[in-house]
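First residue of the sequence shown? That's 651 in this note's numbering, and the numbers climb one at a time after it. These notes concern the structure reproduced below.
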Amino acid sequence: MATHLSKPALLFQLLRSLIYNIVYTSTVVLFGIFICSIAPFNPRISRWFFIKWSNFNLWSLKVICNLKYKLEGTENIPNKPVVIMPKHQSTFETMALPTFFPQHAWVVKKELMKIPFFGWGLKALRSIAIDRTAGIKSLRMIAKQGEERLKDDLSIIIFPEGTRTEPGTKPDYNIGGAFLAKKNCVEVLPIAHNAGDFWGKSSFLKKPGTIIIRVGKLIETESHTAEEIKIRTRDWIESNMQEISDSYK
């Protein structure tokens with residue numbers, strides 16, 4: 651549950667958030683330079699460094715902003731490549747998820763790849779960049795490159811909503827992740843979390859508290875259409891959001 655802050659506490663938390671942003675931005679620059687320097691020679695070390703970077707920023711978030719997290723459903727995390735479909739409300743999950751799924755590749759909007767340092771890191775980690783306005787062409791790209799990553803034992807992390815959303819809203823879910831899972835006969839791992847209650851998509855403030863990350867059971871795909879897989883994923887995520895997020899109550 652997000653904490654209601656008095657005016658003095660709010661000002662102090664804003665200062666904490668500023669300090670964290672400085673730390674985060676600085677590490678993004680260092681990360682981009684370092685990972686691009688070694689990626690052509692040793693992709694494994696690049697990925698290891700990315701996980702360390704994520705862990706450091708989660709630790710910094712806890713120490714500086716008093717924002718922690720609790721992971722539920724660890725028994726559902728598989729030791730095989732799957733399509734991971736998480737709720738997307740915050741920058742937080744982009745740091746947290748790699749620490750639970752070290753062997754992964756992101757599906758991201760192509761604009762992110764153009765950001766200096768950050769985009770370089772995404773490219774080095776074999777992220778799949780798509781044009782969200784390209785329709786069926788984007789689906790084909792996800793399917794083609796996603797198949798390659800899955801064959802290399804990398805799970806694919808794709809946000810089914812396509813972009814960060816406001817807490818409490820119920821946006822449409824895209825079919826790309828379900829299509830990829832169906833085409834490659836791999837299972838879907840749904841994830842719900844309430845990070846948006848503490849660190850919203852457009853919010854400078856990071857509120858103190860504990861983010862709940864809930865990992866669901868695998869959704870099998872062989873006996874379902876891509877549309878059915880999408881609906882099952884959406885229904886599980888949204889029903890769990892009502893349990894863990896104040897914004898849905």
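All C-beta atoms, glycine included, are put in the ideal place defined by N, C-alpha and C. What you are looking at is a predicted structure, and each value in this text was computed from that prediction instead of being measured.
(request) Tell me whether the beta-carbon of Leu804 lies closer than 8 Å to the beta-carbon of Pro731. (result) As a working note, residue 804 is residue 154 in the sequence shown. As a working note, residue 731 is residue 81 in the sequence shown. Yes, Cβ-Cβ distance for Leu804 and Pro731 is below 8 Å.
(request) Name the residue from Thr871, Gly818, Ala828, Phe829 whose alpha carbon lies nearest to the alpha carbon of Asp896. (result) Within the sequence shown, residue 896 is the residue found at index 246, counting from 1. The shortest Cα separation from Asp896 among Thr871, Gly818, Ala828, Phe829 belongs to Gly818.
(message) Which complete alpha helix (DSSP H) runs does the segment 751 to 775 hold, if anything under 4 residues is left out?
(response) For the segment 751 to 775, whole alpha helix (DSSP H) runs of length 4 or above, ordered along the chain, are 768 to 774.
(message) Determine whether the beta carbon atoms of Leu772 and Phe750 lie at a separation below 8 Å.
(response) The sequence position of residue 772 within the sequence shown is 122, counting from 1. The sequence position of residue 750 within the sequence shown is 100, counting from 1. Result no, Cβ atoms of Leu772 and Phe750 do not sit closer than 8 Å.
(request) Go through its chain and collect everything with a Cβ distance to Asn707's Cβ below 7 Å, but skip five positions before and after it. (result) Position 57 of the sequence shown, counted from the first residue, corresponds to residue 707. Excluding residues within five positions, the ones whose Cβ falls inside 7 Å are Tyr674, Thr677, Met745.
(request) Using 10 angstroms around the beta-carbon of Arg799, count the other beta-carbons present and answer buried if the total reaches 16, otherwise exposed. (result) Residue 799 sits at position 149 when you count from the first residue of the sequence shown. Residue environment: Arg799 is assigned as buried (16 or more neighbouring CB atoms within 10 Å of its CB, all protein chains considered).
(request) May I have the straight-line CA-CA distance separating Ile806 from Pro658, to the nearest angstrom? (result) For the purposes of this step, residue 806 is taken as the residue at position 156 of the sequence shown. For the purposes of this step, residue 658 is taken as the residue at position 8 of the sequence shown. CA-CA distance, Ile806 to Pro658, rounds to 43 Å.
(request) Pull up the DSSP beta-bridge partners for Gly859, would you. (result) Against the sequence shown, residue 859 aligns to sequence position 209. Bridge partners of Gly859: Leu717.
(message) Judging by CA-CA distance, which residue of Ile669, Cys686, Gly723, Val733 is the nearest neighbour of Lys712?
(response) By one-based count along the sequence shown, residue 712 stands at place 62. It is Ile669.
(message) For Asn824, tell me which candidate among Pro693, Pro736, Phe848 has the shortest Cα-Cα distance.
(response) As a first step, residue 824 must be located in the sequence shown, where it is residue number 174. With distances taken between CA atoms, Asn824 lies nearest to Pro736 out of Pro693, Pro736, Phe848.
(request) Find out if the Cβ-Cβ distance for the pair Val733, Ile808 is shorter than 8 Å. (result) Looking up residue 733 in the sequence shown gives position 83. Looking up residue 808 in the sequence shown gives position 158. Closer than 8 Å, so yes.
(message) If I follow the unbroken beta strand (DSSP E) through Ile806, where does it start and stop?
(response) Translated into the one-based positions of the sequence shown, residue 806 becomes position 156. DSSP places Ile806 in the uninterrupted beta strand (DSSP E) bounded by 805 to 807.
(request) Check whether the Cβ atoms of Glu837 and Ala828 sit closer than 8 Å, and answer yes or no. (result) Along the sequence shown, read from residue 1 onward, the residue named residue 837 stands at position 187. Along the sequence shown, read from residue 1 onward, the residue named residue 828 stands at position 178. Result no, Cβ atoms of Glu837 and Ala828 do not sit closer than 8 Å.
(message) Cutting at 6 Å between CB atoms, please list the residues of its own chain near Arg884, excluding the five before and the five after it.
(response) Counting from one through the sequence shown, the residue named residue 884 turns up at place 234. Hits under 6 Å: Tyr823.
(message) At the level of alpha carbons, what is the spacing between Trp770 and Ser788?
(response) What you label residue 770 is simply residue 120 of the sequence shown in a count that begins at 1. What you label residue 788 is simply residue 138 of the sequence shown in a count that begins at 1. Near 21 Å, if we compare the C-alpha coordinates of Ser788 and Trp770.
(message) Quick check on the DSSP output: what are the complete beta strand (DSSP E) runs of length 3 or more inside the segment 780 to 849, in order along the chain?
(response) Within the segment 780 to 849, the complete beta strand (DSSP E) segments at least 3 residues long are 805 to 807, 838 to 843, listed from N- to C-terminus.
(request) Could you check the C-alpha separation between Arg666 and Ile714 for me, to the nearest Å? (result) Indexing the sequence shown from 1 puts residue 666 at position 16. Indexing the sequence shown from 1 puts residue 714 at position 64. Cα-Cα distance, rounded: 6 Å.
(request) Have a look at Asn692, Gly846, Leu775 and flag the residue whose alpha-carbon is nearest the alpha-carbon of Ile894. (result) Position 244 of the sequence shown, counted from the start, is the residue given in the question as residue 894. Relative to the Cα of Ile894, the nearest Cα in the group Asn692, Gly846, Leu775 belongs to Gly846.
(request) Give every residue of the same chain whose Cβ lies closer than 7 Å to the Cβ of Tyr898, excluding the five residues on either side of it in the sequence, and list them in chain order. (result) Looking up residue 898 in the sequence shown gives position 248. Within the same chain, Tyr898 has close Cβ partners Gly818, Met891, Gln892.
(request) Would you mind reading off the limits of the alpha helix (DSSP H) that contains Ile683? (result) The residue given as residue 683 occupies position 33 in the sequence shown. For Ile683, the enclosing alpha helix (DSSP H) starts and ends at 657 to 688.
(request) Using only the heavy atoms of the ligand GDP, determine whether one of them is closer than 7 Å to the beta carbon of Lys737. (result) Because no ligand of any kind appears in the structure shown, any question about the ligand GDP cannot be addressed here.
(request) Compute the distance between the beta-carbons of Ala755 and Ile778, then report whether it is under 8 Å. (result) Position 105 of the sequence shown, counting from 1, holds the residue named residue 755. Position 128 of the sequence shown, counting from 1, holds the residue named residue 778. Taking 8 Å as the Cβ cut-off, Ala755 and Ile778 qualify as a contacting pair.
(request) Would you mind stating whether Arg882 and Lys851 have Cβ atoms separated by less than 8 Å? (result) Mapped onto the sequence shown, residue 882 falls at position 232. Mapped onto the sequence shown, residue 851 falls at position 201. In this structure, Lys851 does not lie closer than 8 Å to Arg882 by Cβ.
(request) Please list, in chain order, all residues of the same chain as Phe681 whose beta carbon is under 6 Å from its beta carbon, the five residues on each side excluded. (result) Indexing the sequence shown from 1 puts residue 681 at position 31. Scanning its chain for C-beta atoms nearer than 6 Å, with the 5 sequence neighbours on each side dropped, one finds around Phe681 the residues Trp703, Gly771, in chain order.
(request) State the start and end residues of the unbroken beta strand (DSSP E) segment that holds Ile734. (result) Translated into positions along the sequence shown, residue 734 becomes position 84. Start and end: 733 to 736.
(request) Give a yes or no on whether the minimum CB-CB distance between Pro766 and chain B is below 8 Å. (result) Going by chain labels, chain B is absent from the structure shown, which holds only one protein chain.
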